[in-house]
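The structure appears below as structure tokens.
Number of protein chains: 4
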Amino acid sequence: MDFAPSARAADLVERVRRFVDDEILPVEPGYHRELAAVRDAGGDPWQPLPMLAELRAKARSEGLWNLFLPAAHAGEYAARFGTDGDAGLTNTDYAPIAEVTGRSFLAPHVFNCNAPDSGNMEVLLQYGDQAQRDRWLEPLLDGRIRSAFAMTEPGVASSDATNMAATAVLDGDEVVLNGRKWWTTGIGHPDCEVILFMGLTDPDAGKHRRHTMVIVPRDTPGVRVERMLPTMGRYDEPFGHGEVSFTDVRVPSSHILLGPGQAFEIAQGRLGPGRVHHCMRLIGLAESALEAACRRALDRTAFGKPLANLGGNRERIAKARIAIDSARLLVLNAAWKLDTVGAFGALSEISQIKAQVPAVAQDVIDFAMQIHGGAGISDDFPLSAAWTAARAIRLADGPDEVHLDLVGRVELAKYAERR
Amino acid sequence: MDFAPSARAADLVERVRRFVDDEILPVEPGYHRELAAVRDAGGDPWQPLPMLAELRAKARSEGLWNLFLPAAHAGEYAARFGTDGDAGLTNTDYAPIAEVTGRSFLAPHVFNCNAPDSGNMEVLLQYGDQAQRDRWLEPLLDGRIRSAFAMTEPGVASSDATNMAATAVLDGDEVVLNGRKWWTTGIGHPDCEVILFMGLTDPDAGKHRRHTMVIVPRDTPGVRVERMLPTMGRYDEPFGHGEVSFTDVRVPSSHILLGPGQAFEIAQGRLGPGRVHHCMRLIGLAESALEAACRRALDRTAFGKPLANLGGNRERIAKARIAIDSARLLVLNAAWKLDTVGAFGALSEISQIKAQVPAVAQDVIDFAMQIHGGAGISDDFPLSAAWTAARAIRLADGPDEVHLDLVGRVELAKYAERR
Amino acid sequence: MDFAPSARAADLVERVRRFVDDEILPVEPGYHRELAAVRDAGGDPWQPLPMLAELRAKARSEGLWNLFLPAAHAGEYAARFGTDGDAGLTNTDYAPIAEVTGRSFLAPHVFNCNAPDSGNMEVLLQYGDQAQRDRWLEPLLDGRIRSAFAMTEPGVASSDATNMAATAVLDGDEVVLNGRKWWTTGIGHPDCEVILFMGLTDPDAGKHRRHTMVIVPRDTPGVRVERMLPTMGRYDEPFGHGEVSFTDVRVPSSHILLGPGQAFEIAQGRLGPGRVHHCMRLIGLAESALEAACRRALDRTAFGKPLANLGGNRERIAKARIAIDSARLLVLNAAWKLDTVGAFGALSEISQIKAQVPAVAQDVIDFAMQIHGGAGISDDFPLSAAWTAARAIRLADGPDEVHLDLVGRVELAKYAERR
Amino acid sequence: MDFAPSARAADLVERVRRFVDDEILPVEPGYHRELAAVRDAGGDPWQPLPMLAELRAKARSEGLWNLFLPAAHAGEYAARFGTDGDAGLTNTDYAPIAEVTGRSFLAPHVFNCNAPDSGNMEVLLQYGDQAQRDRWLEPLLDGRIRSAFAMTEPGVASSDATNMAATAVLDGDEVVLNGRKWWTTGIGHPDCEVILFMGLTDPDAGKHRRHTMVIVPRDTPGVRVERMLPTMGRYDEPFGHGEVSFTDVRVPSSHILLGPGQAFEIAQGRLGPGRVHHCMRLIGLAESALEAACRRALDRTAFGKPLANLGGNRERIAKARIAIDSARLLVLNAAWKLDTVGAFGALSEISQIKAQVPAVAQDVIDFAMQIHGGAGISDDFPLSAAWTAARAIRLADGPDEVHLDLVGRVELAKYAERR
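Chains as they are written, first to last, in our numbering: chain R, 2 to 420; chain D, 2 to 420; chain X, 2 to 420; chain E, 2 to 420.
Below, the structure is given as structure tokens:
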């Protein structure tokens, strides 16, 4: 048992940390302020500021690009589009990098490792055929285009993904899509050119064989963004989450991924690493919040003492530390399980982190807001945006309750089998 | 012991409930949508829509106006400006009315019972002299003007109110104000014409005798709204919270309330009923959230069952019910203590509700958001705005921690005295 | 709305409090020590010490006897066996008395108000015929005999009471009992002469019409106490909880209460007031624990400060105060509902308190143990016994989960009906 | 990063697990029942039953003996008295073994790895001179004698260890001990022949240089066990916890460990590994409780369903799984820090686990008790004893609050230093 990162991971973590600390964090508050000014002046807040493209170019030039590429599937792409070494990283090695990027709202995008693009790239890498990879994966890895993921629907309880009612009907050598999706993340980005869409193809097939995943060019006729959705009042520009209608959208059947009825198999493969990434970024966010809380606790004085010495504040700091460290270890262990026994073997572990880590992050950030007083819930600190990010992930990719239920079932199955 | 409301309270609660249910709630979502459209179109979201004035006129015509007026101090004003009966209400009688108004974001304003105006009116009623009441109280009761309250400061930990550093210096028959306030609630309203300002007058006096409360006309030279502050990304139009600078602001010393150095005495008197109002409104908000959660739990189906039958959902509904009912009883009991033994006798009880009820409301609303899935954190339901309201009150009027500390001190004092 | 107790209740509370403070608490630690010495010396710890009989006689002589007798059913018995006034008390009036008796482990028995006797007396009062009341109720009210209640069974999940498998078969003018019960409270007392037994009579009847409640003299052939059960290692002498087998136990059918198949109707009526009593006694226990915690926090010094000033201790004291006061109000309100709308109308409220109050008491007492350090979990303070009492009641009379489920169902039914 | 145990650890874990499963657990309930029968019959429950000596002999013959011996200090002793291989184990390697032994109350003693003996042996190993090791360490490693640890005192808040008031005064070539200790663990064992005693030597020295650790033969005149202390009503035979008075106890100054005033240095070194052991054993205990809970949830039926399918039970099982796995990883990481950066470098990590793990175990076991119904709080399952064990460790070796405070201080120091 060894809790030290590998040499390669340690090196990359350090380089990413320096980049985040030296290049991104110093300019990030200004970025958000400038964007707010654009918005207030009636401008388009969905258009990223030029500063972002510059940061992306610099990160790429330092080899800090597409680091999410998985060792298991990266193949040639790691060498061609990641510029560090010739192979992808294991989940275990990438996880602490994801944590560091989570300290900044801009960083995941700067390193071309942001959701949903990284997940979509993984899907294309693992399940796309050569033509699909050539057409969509390469420009995504190259950072020329962005993508969206369309699964959740407004009309049904999407916590049960088999409820999905939008259709993907085979019609000769075409597939015809109809229905309404929402929380289609990434659709707001001006560079978004492609959507991964899940739809019902064969209602009579087994519950997890009914749906098909289809690659939909953003500009296909019948695709319409009805509105962008706020999360706790925020729009998460430039990616955002849209409500999107699909009306008789026709694409060639060559746009189907893996094959009709294979959407759940793909989704399952996609979600394991994605959940590790989400959770590790949230841990980075929680660490930032705790750091801010400690600094505030030392800097502000009330009733003649620094806040750190008042009431239960020091205990709360301690509990936040314990919660964060426990959560990080849980995610790292899940990543290691993914690497060593695969997505199915790590089923419970992946659901454990998804049910636990966002809630931990939410609580730590809530404490950090509280100790900042009114400033904590204003936009003067990134805490309220951080809270919203953590809160949203308690619902995205399956709500807490669905993951707890799975963990409980796996646990009980140990004994049911043996009886 | 009798848990039934008085006949007068029961009648008023019923009339207010009908007004909220029949007149306000049906139009409220449209109100917020229309305001959002104004904002998106580059209009001024701080200008209330005409619908609001109409609702206010109708409420007043039905005698549902200024119901917050306290039996203890209302005097002639209850008969002149409240149109129901000839006397104010006790805290115990008003509390359940406040709960009903809390189910709507518009209702408190419709009934002219909204913060900070109701608190400011109470201050003028109880501590203002005749001239002050004539000039400011009457138009407030009449609904012609609005007001703001300026106490919290950005530069110090305002949880310790004695930290307040803005100054109110006596200079002949004038008082000169300097400093910077924020979270000055109500300053965004276009009808805001007066600010209650707390400032340091005598740094050498006892800790609670140093500060003075001054009535400041909004248009006095030197008063400048630097910016409006978002709460978790929202601005709470049309009242809002401002950062306000005071630069050599001069008003006649007749604008001092009660006398120099009396600000804390006034603040204490103001905050007791105000905390009951805040807490009861939050209970109304939590009830609405629980109702929405129950309806969603019955209407949505996942894994072949209504959400109500899945996992721990029914237990969470039960715990929300218990938490709300416990919280309501705690507030009603505090209100009754205020009425029967006064603000000093109810010191612990008032701090108990302030420390407990916003947190309860926050948790219930968080659950309601969760069971709504993505819809719960969007703006399609008022839940995310409700959550923000509850979260903010965990900081407003003293953070949880300050109130817990007071409750703990009162508790320990029982035994320290006896030793 | 009025939170003050009635004059009669206030007077009785004060007299009971003085009796507990002056007569019982000063001798109680000695009582337990002496009993422990008897046990260690190989004596019989189930035989109450003479001191107890003296306290009971004194309480009775002061009119503090059978105060639990309910106004609704007490009739002549209140005047004959309670010696204070000529009528029983409402639940609302008795509740604060129950709280005061809860501060002592001996007090409920001293005032002849202890479980399960008080509940059994209520059953006999409300559902017994004249002969049953003459034979069993009178000596119980008179304190000459004690009783037990036999419902829970070891072989089934008794949280679902309809699981009860022990039988009560009608055979001519006799009823024949077979089966095994446990947690038969009161069976250990040397004066226990009668058992209320619930058994299955008609498996084909509706779920709540299958079981019959039978009065079983303790010395009927076939009744055998297999063993006494420890609760967290303690036996709760002199009442205790037994595992009792019933083998072809025959009693005349005149021993049936209310009629065959009526056991659930009786149990439901019994449990409402009983739960109020249990909960109020636990609140008294929690108050004692909090008082002990405060005293310890003031008396002990660590790191140069009294414990009260260290870390989160003062906040924990505040939270305990809030939790206790909230819980008390919840119980008082449930008692008032029982009085005003009856057991069926107060169904949710009764389950709310049963699910909430024991858990609150457990947590408060756990904190009190913690702040006492090692002493808190020793027997030098009554805290560890108090914790055990609270813990046990989270299971007795239906576990938390069953009550939460009922509360959730009642809540959801509000909306299901209206759809 | 690698979460797999080393080959040596994996082999030992498997062998210990088989021994516990095959040799100990099948006979353990009978052991406790037989001991209870001895106690009830007026026999001496402090005398271990012969079965225990047989199990110890068998374990030793299989090389499962003194596995706690630390790689860092074991030297020749590992080869001489541990019979597996020639070296001690790292904390990281021993930790999962400790977990397995924690599933049984007898196992730690069977493998000669029980507290306080293992800690005392570590002290003698690391700080004892040759004569001290020859006289005391060897028979302890050999299992011929047992030992006790005397630090906590009844008269002061021992959470602040510098409060210790018992004295160890140098008098020529003797040291004279006076004072009263309690929670002296191990003193009840009939084979206990030696006590490690901490006493105040130089009140004028620095806070952590005042106390001396002295080896006291159990039969030294002046040593008197005043009483054995119950923990939540249980005595933890055969080791137990005693209140012990020391009256003019004289031992040669050669019995001083390390030197006068060095007690805190020794205690600190002793407590790091000891806390890892305690925490890992508690994780084993929590795992057993969760396993029992799952089996019960599948086996018992209420309301027509297995308990596992009712209400929030499955979620509670999931949360227990997450809590246990998080806790285990936290302890393993702390053990690894102990091994790689030493006790001082792992200061926060050791306090984190001590503050977190017992509370986690307590909660998991409480849930397991609850799902077992009345059986869970009886002695028919080892759950109530397990709960008591976890509860006690929240106080032993420093209460939760002291450890949280340290964690908070370490966290804040990161930023205080940098300012």
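Ideal Cβ positions, reconstructed from N, Cα and C, are used throughout, including at glycine.
For clarity, every value in this text was computed on a predicted model and none was experimentally measured.
Measuring only the C-alpha atoms, how far is H33 of chain D from P27 of chain D?
By one-based count along the second sequence, residue 33 of chain D stands at place 32. By one-based count along the second sequence, residue 27 of chain D stands at place 26. Going from the Cα of H33 of chain D to the Cα of P27 of chain D covers about 12 angstroms.
Between which two residues does the alpha helix (DSSP H) carrying F198 of chain R extend?
Position 197 of the first sequence holds residue 198 of chain R. No alpha helix (DSSP H) contains F198 of chain R, which is instead part of the beta strand (DSSP E) from 193 to 201.
Apart from the five residues just before and just after A264 of chain X, which ones in its own chain have a Cβ nearer than 7 angstroms to its Cβ?
Locating residue 264 of chain X in the third sequence gives position 263, where the first residue counts as 1. Excluding residues within five positions, the ones whose Cβ falls inside 7 angstroms are M199, H212, T213, M214.
On the DSSP letters alone, give me the boundaries of the alpha helix (DSSP H) that N334 of chain R sits inside.
Mapped onto the first sequence, residue 334 of chain R falls at position 333. From DSSP, the alpha helix (DSSP H) with N334 of chain R extends over 314 to 346.
On a CA-only basis, which of E:G285, E:L259, E:N314, E:A386 is nearest L126 of chain E? Give me that one, please.
In the fourth sequence, counting from the first residue as 1, residue 126 of chain E sits at position 125. Among E:G285, E:L259, E:N314, E:A386, the Cα nearest to that of L126 of chain E is on E:L259.
Could you tell me the distance, in whole angstroms, from the CA atom of E100 of chain X to the CA atom of L339 of chain D?
For this step, residue 100 of chain X is matched to residue 99 along the third sequence. For this step, residue 339 of chain D is matched to residue 338 along the second sequence. Distance between the alpha carbons of E100 of chain X and L339 of chain D is about 25 angstroms.
Taking only the alpha-carbon atoms, compute the straight-line gap between R420 of chain R and F304 of chain D and give it to the nearest angstrom.
Here the question's residue 420 of chain R lines up with position 419 in the first sequence. Here the question's residue 304 of chain D lines up with position 303 in the second sequence. Caution is warranted here: a pLDDT of 47 is assigned to R420 of chain R, below 50, making its placement in the model unreliable, and the coordinate value is therefore given only provisionally. Between R420 of chain R and F304 of chain D, the C-alpha separation is close to 26 angstroms.
How is L107 of chain E classed by DSSP in three states: helix, strand or coil?
Here residue 107 of chain E refers to the residue found at position 106 when the fourth sequence is read from its first residue. The answer is coil: DSSP assigns L107 of chain E none of H, G, I, E or B.
I'd like to check one pair, T153 of chain D with I378 of chain R: are the Cβ atoms closer than 8 angstroms?
Here residue 378 of chain R refers to the residue found at position 377 of the first sequence. Here residue 153 of chain D refers to the residue found at position 152 of the second sequence. Not in contact: I378 of chain R and T153 of chain D (Cβ atoms no closer than 8 angstroms).
Compare the Cα-Cα distances from P51 of chain R to each of R:D41, R:G64, R:E35 and report the closest residue.
By one-based count along the first sequence, residue 51 of chain R stands at place 50. When only C-alpha atoms are compared, the closest one is R:E35.
Anyone know if the C-beta pair for Q353 of chain D and A335 of chain D falls short of 8 angstroms?
Against the second sequence, residue 353 of chain D aligns to sequence position 352. Against the second sequence, residue 335 of chain D aligns to sequence position 334. Closer than 8 angstroms, so yes.
Which residues, in chain order, does the stretch 313 to 337 of chain D contribute to contact with chain E at a C-beta distance below 9 angstroms?
From the stretch 313 to 337 of chain D, only G313, N314, R315, E316, R317 have a Cβ closer than 9 angstroms to chain E.
I need the straight-line Cα distance from R18 of chain X to A58 of chain D, nearest angstrom please.
Along the third sequence, one-based indexing puts residue 18 of chain X at 17. Along the second sequence, one-based indexing puts residue 58 of chain D at 57. Roughly 55 angstroms between the two C-alpha positions.
Just to confirm the assignment, what range does the beta strand (DSSP E) spanning E422 of chain R have?
An answer regarding residue 422 of chain R cannot be provided, because it is not within the stretch 2 to 420 covered by chain R.
Pick out whichever of E:I372, E:H242, E:L291 has its Cα sitting closest to the Cα of L421 of chain E.
Residue 421 of chain E cannot be examined here, being either before or after the span of chain E that is shown, 2 to 420.
So, using beta-carbon positions, are V245 of chain E and E227 of chain E closer together than 8 angstroms?
What you label residue 245 of chain E is simply residue 244 of the fourth sequence in a count that begins at 1. What you label residue 227 of chain E is simply residue 226 of the fourth sequence in a count that begins at 1. Yes; because the gap between Cβ atoms is below 8 angstroms, this pair is in contact.
Taking all protein chains shown into account, do 16 or more other C-beta atoms lie within 10 angstroms of the C-beta of T202 of chain X, making it buried, or fewer, making it exposed?
For the purposes of this step, residue 202 of chain X is identified with residue 201 of the third sequence, where counting begins at 1. Its Cβ being crowded by 16 or more others within 10 Å, T202 of chain X is buried.
Using a threshold of 8 angstroms, state whether the C-beta atoms of C193 of chain E and S148 of chain E are closer than that.
Locating residue 193 of chain E in the fourth sequence gives position 192, where the first residue counts as 1. Locating residue 148 of chain E in the fourth sequence gives position 147, where the first residue counts as 1. For C193 of chain E and S148 of chain E, yes; Cβs fall inside 8 angstroms.
Flag W183 of chain X as yes if its beta-carbon sits less than 8 angstroms from any beta-carbon of chain E, otherwise no.
To locate residue 183 of chain X, count along the third sequence from 1; it is residue 182. Interface residue, yes.
Touch check for the stretch 107 to 122 of chain X and the stretch 59 to 69 of chain X: three-plus C-beta pairs under 8 angstroms?
They touch, by the three-pair rule.
Measure how close the beta-carbons of G103 of chain X and F150 of chain X come, nearest whole angstrom, since I'm counting them as under 8 angstroms.
Residue mapping note: residue 103 of chain X aligns to position 102 of the third sequence, counting from 1. Residue mapping note: residue 150 of chain X aligns to position 149 of the third sequence, counting from 1. Between F150 of chain X and G103 of chain X the Cβ distance is about 19 angstroms, and since that is not below 8 angstroms, they are no contact.
Looking at L283 of chain R: is its Cβ nearer than 8 angstroms to the Cβ of P218 of chain R?
Against the first sequence, residue 283 of chain R aligns to sequence position 282. Against the first sequence, residue 218 of chain R aligns to sequence position 217. Contact: no.
Short of 6 angstroms in beta carbon distance, which residues of its chain neighbour N67 of chain X, apart from the five on each side in sequence? Order them along the chain.
For the purposes of this step, residue 67 of chain X is identified with residue 66 of the third sequence, where counting begins at 1. Answer for N67 of chain X: F82, G83, N113, L142, listed in chain order.
Provide the residue(s) that pair with V306 of chain E in DSSP beta bridges, ordered along the chain.
On the fourth sequence, position 305 is the one that residue 306 of chain E refers to. The sequence shown places Lys at residue 306 of chain E, not Val. Beta-bridge pairing links K306 of chain E to E:A303.
At what residue ranges does the stretch 114 to 139 of chain E contain a whole run of the alpha helix (DSSP H), taking only runs of 4 or more?
The qualifying runs are 118 to 128.
Need the endpoints of the alpha helix (DSSP H) that I394 of chain R sits in, please.
Within the first sequence, residue 394 of chain R is the residue found at index 393, counting from 1. Looking at the DSSP string, the run of the alpha helix (DSSP H) that includes I394 of chain R is 384 to 394.
Do the stretch 264 to 280 of chain D and the stretch 274 to 281 of chain E touch if we need at least three Cβ pairs shorter than 8 angstroms?
Contact between the stretch 264 to 280 of chain D and the stretch 274 to 281 of chain E is absent, because fewer than three Cβ pairs lie under 8 angstroms.
What does E29 of chain E touch in chain X if you count any residue whose Cβ is under 7 angstroms from its own?
Position 28 of the fourth sequence, counted from the start, is the residue given in the question as residue 29 of chain E. Simply none; closest approach about 17 angstroms.
By alpha-carbon positions, which one of E:V21, E:D94, E:D23, E:L138 ends up nearest to E77 of chain E?
As a working note, residue 77 of chain E is residue 76 in the fourth sequence. Among E:V21, E:D94, E:D23, E:L138, the Cα nearest to that of E77 of chain E belongs to E:L138.
Does DSSP put M2 of chain X in a helix, in a strand, or in coil?
Residue numbering aside, residue 2 of chain X sits at position 1 when the third sequence is read from its first letter. Reduced to three states, the DSSP call for M2 of chain X is coil.
Closer than 7 angstroms by C-beta to A72 of chain D: which residues in its own chain qualify, once you throw out the five before and the five after it? Chain order, please.
If you number the second sequence from 1, residue 72 of chain D lands on position 71. For A72 of chain D, where only same-chain residues beyond five positions count, the Cβ hits under 7 angstroms are A88, G89, L90, T91.
May I ask you to list the residues that DSSP assigns as paired with E175 of chain D?
In the second sequence, counting from the first residue as 1, residue 175 of chain D sits at position 174. E175 of chain D pairs with D:D172, D:P253.
Which chain E residues are close to L299 of chain R, counting only those with a beta carbon under 9 angstroms from its beta carbon?
Looking up residue 299 of chain R in the first sequence gives position 298. Chain E residues near L299 of chain R: L413, Y416, A417, R420.
Whose Cβ in chain D lies nearer than 8 angstroms to the Cβ of N310 of chain R?
On the first sequence, position 309 is the one that residue 310 of chain R refers to. Neighbours of N310 of chain R on chain D: none; closest Cβ ~12 angstroms, over 8 angstroms.
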